DNA sequence: TCGGTTCAGAGTATT
DNA sequence: TCTGAACCGA
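Laid out in structure tokens, this is it:
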């Protein structure tokens, strides 16, 4: 046990050995968060304060859960498989499997991933004859997921207008469809599990008695439902050990509620608050930059990172005149780092949005530098894999209409849209599943459709005695999938992926079987447990495929530069980090600037980006960037100005802090960019000052329709793209686009702080600057 | 039933 | 500019 605590710093030590009470650990970036979390569990176990069954540790990603398990078993000779360590969704799934009856779920229920969910909603919208222009499936999907993440069933959603009421109806219909088909989406896993705990007192008390210690990773990322779920679970006196960093809260857009941290502190009267501020990752200048930046956020719980690594190198800043040149500089710098002996995979190139990767990839590719881009389709999301899984799902659950529709005519077997509609009509009339409706069909189409049904039935029967891997193998062959892809011109990779699915099945280990047969629910004989609800290996494998979509692409072998968004870099670290496109409108993103609290979230995002670097950090921005087919003119990000001068080194002539004459020294740079001129400047001059209410009318979003770009060239006070201007209210900015002419002339101006605006030149008073 | 064309939209993402 | 999805013609 002494060994466990040996190398902990005082704060870490304090956190690990806190009494069994609620605690909030503010864990700064690189402060040894995971170590504290796992050591805490190990310490509780080894001091016999709790048995493995009494611990529940929850994370957001499978990767984090796996890491926790691995590190724990490295510390203690404990079998982590019996412990409740997993993702929120994974643990909810586990609970629902054990109590599917109490949760009113069929024993064979399956999980819809986001893709499946969207398909289900599209199908619903079509069956209900709803106008998908007015109710885009994507919006309905968001609506449903948001409601569920707020813990709201259709009846509880407030709808004040017809549109919202219609959305609620669709939500209700969607839930009914899922229930009928025996499928649950991700949010439903959480909500069902929560409702189960709320509704079933015996069950709730059982779990409350069982879990004495509940540990939560990345607490700042929890949404309202997850917070309530934890509250229900720990309501019986369990100690919640919440670890998080409000400064790294970057997932508000997917429902995360940073407020949960403060709420937790308040509601649970948390007296055990430990700040982990010693950073073991970055050199001083990098941390100095991070600290200075994040200090600009209000409403922080408050933290300041420090290191005893020394100052290290300064943060380097580079200004390019175009995105292409930025990428070119990047390549040269990376080559130089490589020459200095830095491994390529210790270098990361970060960007705010995925679209930025193209230019960078192009430059890296041309230079012959190996790189790897994070993101993209994952293994279980691939079409061919999903097709195979659809057959498997039908074997497991004949009511799964989504799976039925996906493969009823794939590979093609002459079942057209008309036949499919016929089964759907029959199923609707009889209130049964599509599979069950097949036998009700008549006519020519009935034969082919029956043949498909017979195929599924045969697969079900034939695989009954087979192992999981044998079943998968059998299904991909006998369904015709392999043959189909083999005959396809570029189907080789798809066939390989199907083979890989067989391997995945062979390697699949049943997730702690005991948990599913009810026994592990506690040695407590009185436990309110569904009597033996064994899950088949196939059902477990399908759940695994949905809950863990797999790696984001296999590592490309060769040591490669890592390209990714700032979001996906969270939790990672590299010797050298390039943060590219550090420009107003891009980072902070213009959409975010318009959102409430958006700017602070962007700043946290920048904080996350900065703290990824161990030894070297580069920031780069460009004066122009090709975006949506147009050249955009940008200002450097305000975040650059928030960094401490003494920690920085400018690789290009330093531009003044905004607002100021940032374009100094680049005076003539705009020529050659084909800057358009537009008439109207004189009018702008003549317009009344914006004391009148007209100024707000002048600021509007130009709609797609008004196209014709002014081609009229006038002498005098004309504006041009790339020009620096000042506005009484919005301050200084750069014209990034011009549209219309005469009275309709508008300029789109990037004002930095004030965001990107369209201004009618006949009304807005714009002054030329510089 | 496929393949080409057209059109809108383009921010971050785990389960 | 580029992509994905929807649509239409053979």
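Residue numbers (the working numbering): 3 to 772. Every residue gets a Cβ at the ideal spot worked out from N, C-alpha and C, and that includes glycine. Since the structure is predicted, the reported quantities are computational estimates derived from the model, not experimental observations.
Q. Which two residues bound the contiguous beta strand (DSSP E) that contains residue 566?
A. 563-567
Q) Any idea if residue 49 is buried or exposed, counting beta-carbon neighbours within 10 angstroms, 16 or more meaning buried? A) exposed
Q) My guess is that residue 586 and residue 503 are in contact by the Cβ rule of under 8 Å, so how many angstroms apart are they, rounded? A) Not really, about 46 Å apart at Cβ, beyond 8 Å.
Q: Pull up the distance between the alpha-carbon of residue 647 and that of residue 379, whole angstroms please.
A: 41 Å
Q. Residue 127 by DSSP, collapsed to three states: which one?
A. helix
Q | Among 130, 625 and 603, nearest to residue 725 - alpha-carbon criterion | A | 625
Q. Beta carbon of residue 241, beta carbon of residue 476: below 7 Å?
A. no
Q) Rounded to a whole number of angstroms, what is the C-alpha to C-alpha distance between residue 98 and residue 43? A) 25 Å
**Q.** Classification of residue 769 by the beta-carbon crowding that lies within 10 angstroms, buried from 16 upward
**A.** exposed
Q: Spell out a yes or no on whether the segment 349-363 and the segment 386-403 are touching, meaning 3 or more CB-CB pairs, one atom from each, closer than 8 Å.
A: no
**Q.** Expected contact under 8 Å - CB spacing of residue 605 and residue 641 to nearest Å
**A.** 7 Å
Q. Where does residue 634 fall in DSSP's three states?
A. strand
Q | residue 750 burial status per 10 Å Cβ neighbour count (16 or more: buried) | A | buried
Q | Minimum length 4: unbroken alpha helix (DSSP H) runs contained in the segment 257-315 | A | 261-269 and 286-296
Q) Under a three-way DSSP split, which group does residue 332 fall into? A) helix
Q. Taking C-beta to C-beta, are residue 293 and residue 258 nearer than 7 Å?
A. no
Q. Going by DSSP, which residues form a beta bridge with residue 41?
A. DSSP lists no partner for residue 41.
Q: Return the first residue and the last residue of the alpha helix (DSSP H) that residue 605 is part of.
A: 600-612
Q. Which same chain residues, not among the five before or five after residue 666, have their C-beta less than 6 Å away from its C-beta?
A. In this predicted model, residue 666 has a pLDDT of only 31, less than 50, meaning its place in the structure is not dependable; the value taken from the coordinates is given anyway. There are no such residues.
Q. What are the uninterrupted segments assigned as alpha helix (DSSP H) that are 4 or more residues long and contained completely in the segment 453-487, given in chain order?
A. 470-480
Q: Assign residue 417 to one of three DSSP states: helix, strand, or coil.
A: coil
(Q) Rounded to the nearest angstrom, what separates residue 93 and residue 86 at their Cα positions? (A) 7 Å
Q: Check whether the segment 564-582 touches the segment 326-342, taking contact to mean three or more Cβ pairs, one atom from each stretch, closer than 8 Å.
A: yes
Q. Between which two residues does the alpha helix (DSSP H) carrying residue 177 extend?
A. 164-183
Q: Note down the Cα distance separating residue 542 from residue 41, rounded to an integer number of angstroms.
A: 30 Å
Q) Apart from the five residues just before and just after residue 277, which ones in its own chain have a Cβ nearer than 6 Å to its Cβ? A) 28 and 305
Q: Determine, using beta carbons only, whether residue 376 and residue 608 come nearer to each other than 7 Å.
A: no
Q. Who are the near neighbours of residue 21 in its chain, counting only those whose CB is closer than 7 Å to its CB and skipping five residues on each side?
A. none
Q. Considering only the beta carbon of each residue, do residue 136 and residue 189 sit closer than 7 Å?
A. no
Q: Inspect the CB distances between the segment 66-76 and the segment 150-169 and report whether three or more fall short of 8 Å.
A: no
Q. Would a C-beta distance cut-off of 7 Å place residue 109 and residue 374 closer than the cut-off?
A. no
Q: Report all residues from its chain with a CB closer than 8 Å to the CB of residue 484; omit the five preceding and five following residues, and keep chain order.
A: 478, 497 and 500
Q: Go ahead and label residue 106 buried or exposed: buried means 16 or more other beta carbons lie within 10 angstroms of its beta carbon, across all protein chains shown.
A: exposed
Q) Thinking C-beta only, is residue 631 closer than 7 Å to residue 354? A) no
Q) Relative to the C-alpha of residue 544, which residue among 383, 66, 243 and 610 is closest? A) 383
Q.
Between the segment 208-222 and the segment 170-178, can you find at least three pairs of beta-carbon atoms closer than 8 Å?
A. no
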